[in-house]
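Plus 23 on top of the position in the sequence shown (first one is 1) and you've got the numbering used here.
We treat Cβ as the ideally placed atom computed from N, Cα and C, and that holds for glycine.
Since we're looking at a predicted model, the values are computed, not measured.
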Amino acid sequence: MSPPIRSASEGGFREEVFNVFLAILLSERGILSVPEKIRKISSRTRRIPDVTITEFWGVRVIIEGRVFEAPSIEGSLILDARKRIEEGLSPVCIAVLYPP
């Protein structure tokens, strides 16, 4: 039986670890995914989406994830997901809450 997953502040996994594992799981299912890849959107601005699905039925998709450590995390996650679309990083952004 696996040990329970704890938050990073309690000695659990950091968000980046979840992002990498999510990308690995998606890739194993035939969906080419790249975690934590820097995308340049202008000559001065760089953004790091949590997970980028390179092409899903012809559309670039970004997954923005957070470890659910407090109720306020959900609201900030939704705002960040919308921001990724507004910045032009992707026309689709999926918000994912990882278990604490």
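Boundaries of the alpha helix (DSSP H) harbouring residue 98: 95-109, taken from the DSSP string.
No Cβ-Cβ contact shorter than 8 Å links residue 86 with residue 40.
Between the alpha carbons of residue 79 and residue 54 lies a distance of about 7 Å. When rounded, the separation of the alpha-carbon atoms in residue 116 and residue 36 is 23 Å.
A direct Cα-to-Cα measurement between residue 48 and residue 57 gives close to 11 Å. Spatial neighbours of residue 82 in its own chain (CB-CB distance under 7 Å, excluding positions within 5 residues in sequence) are listed in chain order as 114, 115. For residue 38 against residue 84, the beta-carbon gap comes to about 18 Å, at or over 8 Å, which does not count as contact. Annotation for residue 101: 118 place their beta carbon closer than 8 Å to its own, counting only its chain and skipping 5 residues before and after. Counting along the chain, the unbroken alpha helix (DSSP H) around residue 50 starts and ends at 38-51.
Residue 85 carries a strand assignment under DSSP once its states are collapsed to helix, strand and coil.
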